[in-house]
Each structure stands twice: as C-alpha cells, then as structure tokens.
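> Numbering (the working numbering), first residue to last: 12 to 461. Where a beta carbon is used, it is the ideal one built from N, C-alpha and C, also for glycine.
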Ligand code: GLU
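1. Mind checking which residues open and close the alpha helix (DSSP H) that includes residue 145?
2. Under a three-way DSSP split, which group does residue 182 fall into?
3. Is the closest heavy atom of the ligand GLU to the C-beta of residue 205 under 6 angstroms?
4. Suppose contacts are defined by Cβ-Cβ distances below 7 angstroms. Is residue 248 in contact with residue 262 by that definition?
5. What do you reckon, are the CB atoms on residue 411 and residue 395 nearer than 7 angstroms?
6. Once DSSP output is grouped into helix, strand and coil, what is the label at residue 250?
7. Within the continuous alpha helix (DSSP H) that includes residue 86, where are the two ends?
8. Work out the CA separation of residue 106 and residue 272 for me, nearest whole Å.
9. Where are the beta strand (DSSP E) runs, 3 residues long or more, that stay fully inside the stretch 278-345, in chain order?
10. Which of helix, strand or coil does DSSP assign to residue 74?
11. Would you say the beta carbon of residue 390 is closer than 6 angstroms to some non-hydrogen atom of the ligand GLU?
12. Beta strand (DSSP E) containing residue 469: first to last residue?
13. Taking 6 angstroms as the limit between beta carbons, can you name the residues of its chain near residue 344, skipping five residues before and five after?
14. Looking at the unbroken alpha helix (DSSP H) that takes in residue 118, where does it start and where does it end?
15. How big is the Cα-Cα spacing for residue 213 and residue 391?
16. Counting along the chain, where does the beta strand (DSSP E) carrying residue 271 start and finish?
17. Quick check: the stretch 71-79 against the stretch 155-168, are at least 3 beta-carbon pairs closer than 8 angstroms?
18. For residue 398, is the beta carbon positioned less than 6 angstroms from some heavy atom of the ligand GLU?
19. Please report the distance separating the alpha-carbon of residue 176 from that of residue 139.
20. Any heavy atom of the ligand GLU closer than 6 angstroms to the beta-carbon of residue 424?
21. Say whether chain D places a C-beta atom closer than 7 angstroms to the C-beta of residue 115.
22. Which value, in whole angstroms, describes the spacing of the CA atoms of residue 318 and residue 279?
23. Taking the C-alpha atoms as reference points, what is the distance between residue 407 and residue 91?
24. Is there at least one non-hydrogen atom of the ligand GLU closer than 6 angstroms to the beta-carbon of residue 383?
25. Here's a check: name, in chain order, each residue in its chain whose Cβ is nearer than 7 angstroms to the Cβ of residue 31, leaving out the five neighbours to either side.
26. Tell me residue 68's beta-bridge partners as DSSP assigns them.
27. Taking buried to mean at least 16 other C-beta atoms within 10 Å of its own C-beta, is residue 199 buried or exposed?
28. CA-CA distance, residue 11 and residue 444?
29. Using a Cβ-Cβ cut-off of 8 angstroms (strictly less than) and excluding sequence neighbours within five positions of residue 163, which residues of its own chain qualify?
30. In or out: residue 438 buried (at least 16 other Cβ within 10 Å) or exposed?
31. Cβ of residue 326 within 6 angstroms of any heavy atom in the ligand GLU?
32. Does the beta-carbon of residue 461 have 16 or more other beta-carbons within 10 angstroms, so that it is buried, or is it exposed?
33. Hey, residue 416 and residue 227 are a contact pair by Cβ (cut 8 angstroms); roughly how many whole angstroms apart?
34. Can you tell me whether residue 455 is buried or exposed? The criterion is at least 16 other CB atoms within 10 Å of its CB, across all chains shown.
35. If contacts are defined as beta-carbon pairs under 8 angstroms, then residue 362 and residue 246 qualify, I think. What distance do you get, rounded to the angstrom?
36. So the beta strand (DSSP E) residue 379 belongs to, where does it begin and stop?
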C-alpha cells in the first residue's frame, strides 16, 4: 500500500486507540483510496490525509433536563463539524446511551464522503447525545430537546451547519429542536434543520428517503447482474425509519422482506413484512411507542420471535443490515456466505466490522455495496429539503422521488466508474470511497492549507 497512506493510518491508530470506531472507518476509507494517492504526490506535500482525519471542529456541551418526577439529569451533547470544504456542515443527531466521541467522529467522517457522493454541496458533520429516549414521555423528550438546542443554536445555521435526525431523533424531536432554535434566534430560518414536519418546511418523502434510496441503489446492482427485484427475499436488521422505508418500497416492487430486528432479538415473517400495509404501518407504531422492542410485531402478527439473536442465519437472496454499526461480525459474515447470499447491501452506517467486510468482498459470488453510497439518499433528500427552503417553495412528492431516484442511479454509476478507472472491476466499496473522496480532496487542495 502507498507509504503515505500507511503512515497516516498508523498515526491514527496510535493516537486514537481509545476510539475504535473512528480508527475502523479511517482504515477502511484510506486503504480504499490508496491507488488515488499513488497518482497524486502533491497530496502528501499538502499533508492532505492528516488534515482529512482531523475534524475541523468538535465540541461537547452540557445538557441538563428535568424528568416528570422533578428529578434533574445531566447528559453530554456533541457536535463534530468534520469537513466543510464542499458545503455547510451537514449530518444527523443521534440520541442513544452508547454515543461517545468515537461514534460521533466515525459518523462525521463517513458523512463527509457520503455527502460528497450525493453530488450536492454539503460538508460532513454529526452530533448527538448519550441521552436514552427509551420509555421517556413526550414532555421529557421536549425538555431534553429544548435544553440540547439552547446549547447548540449559536454554532449552527442554514449556511453554517444543518443538523438532522439519526437514531433516536425523528420528526418529533426535530420539531422541538426547531421550535427552540426559532425562539432563541427570533428568525425564521427553517433551513437550519432537515427532516422537519411538512407544516414548517419539511420535504415530502424525506422520512421515506433513506429506505427508498437504498432500494433504488439495489435496483442498479440487480440491473448490473441482469436480475430484477420481483419475488426476491430480503433479510434486514433494524425496525426503525430506514427499515420502514425499505419495506414500503419493497412492497411497491414485489420483494419480500422476511426479517426485522431490535435490541431484543429478531422476527421472521415468511409471508413478508412487506406483504401488507397494515404490517408496514405497524412498524411506525412500534417505533413511536418508545418501547424499542421488535417482539411486539411477533405478538401482533403471530410470527416467530428469536430472542437475543440476529437475523443473519436466515436464508434470503439479499441481506440489508439497517440497524447500527458493527451489526455483522466475522462469525455472522461466515454464516451469510455459507447461505450462498449473493447481495450484501449495507444500509446502516458502517454495519460491518472491517474483517467481516473484507471477507464478504472476497466471496467469489457475492456483491457487496457500501453504506455510504446505499444510504446516501437520506441526506440527499435533506439536501433537496434545504434547496426547497431556500427557494421558499415545496416540491411535489413525485418531484422529490424522481430526484432521489436519479441521485441513487448516479451514485451507483460514479462508484462503479471510479473503481473501473483504477482497475478494480465492479468494486462498489472502493468505488464509493474513491468517488466521494475525490471531490473533497480537490476542494481542500483548491482552498489552500488550513
Ligand atoms: N443521519 C442520516 C445519515 O446518516 C441523515 C443525515 C441528514 O439528513 O443530514 O446520513
């Protein structure tokens, strides 16, 4: 591998041994782009890679809130404005007890290249808090969001940094965050957040966008292989917003999603979660209940529930991990390969450990698609929401869907072409990294060293 790339990876490993997820994503991205670094000796002179792995700005803040019993709680808030070379910082907020600097940094780093792949002018960022929303009342969620925004509002803005949702942050939370931003700033700047409600500047199809985009990307992969989606079985993990979008689109296209998972285990529905609107809509109810349990689906529809297990032993044509980081490790990857799965389509951010990812990529009959390309439709439609807000108009659902579909076709195309250009064949993982990296690198080089 390119000596400069190796040196930077080793330096990151040594400096951030306490941030394993961040080290993992740096290794994955930088080793993919090594062939490009070979061709650009000027990058080393400008120390581009070390600059690229150092967030432009990252800060924590105290978030104090009071529960319904009058007890005060204190959480840590985070925002990592990783790279602003190609546009205002952009990326979601995650509320989950395991949020820490490593998770926020890995997500911000991934976001930088993902946002670049959308073709829209958005830099990379991520934020959130170690707050656990499970079982919290609506009033508690509102007070938490208000406190969070009170600390954050000075550092964001429509041309500065535009947060959105991620795990634990959906339309309800964005509403409370926006309300507090407006109250504190005394301005109508609805471009400051995306994933908003339709009554105050949200985009049609934003809730569906990540799942729909993932399926549109899958269609391109299938087309490349001369296959269609009709009648295919899909095993997915997760049961949140992204999983819901996949099921909804799968239902329209005649594919069968047979599994969902949660922290409590997974369910297997041989008829398909995507077989009826009632089932797909029930996913929203499960999410809104705040119980964070997928067993409720099994209880309601009389299907099998497997407590404490992941769905990766299930035989399906397509695997789409759509839950969280490192959901598939080496042992589970071996089960997936042994089942003869042909399509491994990552959806959640970094759902596969690096050893498992490389193992799956080596399987002769398997096609692996990387999350930073597959899930880019979510932030892509956030970019379209920003455009609508600055134009002060609302696009129809059809217009947004058409743009999203085009965007996903293009992301697949530029990834495949980038891999091909470096002699790597149909390597979508390397291709996405190369294509996403190139634009950020060029912008940084042209803007001088800082
Ligand atoms: N959290 C989502 C992601 O991982 C969406 C970010 C956004 O819309 O800004 O890309």
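The short version:
1. First-last for residue 145: undefined, no H or E at that position.
2. In the structure shown, residue 182 adopts helical secondary structure according to DSSP, grouped into three states.
3. Yes - the ligand GLU has a heavy atom lying nearer than 6 angstroms to the Cβ of residue 205.
4. Going by beta carbons, residue 248 and residue 262 fall outside the 7 angstroms limit.
5. With contacts defined as CB atoms closer than 7 angstroms, residue 411 and residue 395 qualify as a contacting pair.
6. Reduced to three states, the DSSP call for residue 250 is coil.
7. Residue 86 -> not in any alpha helix (DSSP H); beta strand (DSSP E) instead, spanning 83-94.
8. Those two C-alpha atoms are separated by around 19 angstroms.
9. Correct list: 315-318, 329-332.
10. Secondary structure at residue 74: strand, using DSSP grouped into helix, strand and coil.
11. Because some heavy atom of the ligand GLU lies under 6 angstroms away, the Cβ of residue 390 counts as near it: yes.
12. No answer is possible for residue 469: the residues shown for the chain start at 12 and end at 461.
13. Only 367, 370, 371 meet the Cβ criterion.
14. 112-128 is the extent of the alpha helix (DSSP H) around residue 118.
15. Approximately 14 angstroms, taken between the alpha carbons.
16. For residue 271, the uninterrupted beta strand (DSSP E) segment begins and ends at 267-273.
17. The answer is yes - the stretch 71-79 touches the stretch 155-168, with three or more Cβ pairs under 8 angstroms.
18. In this structure, residue 398 has its CB at a distance of at least 6 angstroms from all heavy atoms of the ligand GLU.
19. Rounded to whole angstroms, the separation of the alpha carbons of residue 139 and residue 176 is 9 angstroms.
20. If you check the C-beta of residue 424 against the ligand GLU, you find no heavy atom less than 6 angstroms away.
21. The chain inventory of the structure shown lacks chain D, comprising one protein chain alone.
22. Using only the alpha carbons, I get a separation of about 11 angstroms.
23. Taking C-alpha positions only, residue 407 is separated from residue 91 by approximately 33 angstroms.
24. Checking the Cβ of residue 383 against the ligand GLU gives no.
25. So the qualifying residues of the chain are 113.
26. Partner(s): 92.
27. Around the beta carbon of residue 199, a 10 Å sphere encloses fewer than 16 other beta carbons of the protein chains shown; the residue is thus reported as exposed.
28. Outside the modelled stretch of the chain, which goes from 12 to 461, sits residue 11, for which no answer is possible.
29. Take residue 163, set aside five residues on each side of it, and the residues of its chain with a beta-carbon closer than 8 angstroms to its own are 72, 88, 90, 138, 174, in chain order.
30. Classification for residue 438: buried.
31. Incorrect: residue 326 has no Cβ contact closer than 6 angstroms to the ligand GLU.
32. So residue 461 counts as exposed.
33. Indeed, because the Cβ distance is near 5 angstroms, the residues count as touching under 8 angstroms.
34. Within 10 angstroms of the beta-carbon of residue 455 lie 16 or more other beta-carbons, which makes it buried.
35. Separation of the CB atoms of residue 362 and residue 246 is rounded to 13 angstroms, and the pair is thereby denied contact status at 8 angstroms.
36. Counting along the chain, the beta strand (DSSP E) containing residue 379 begins and ends at 378-380.
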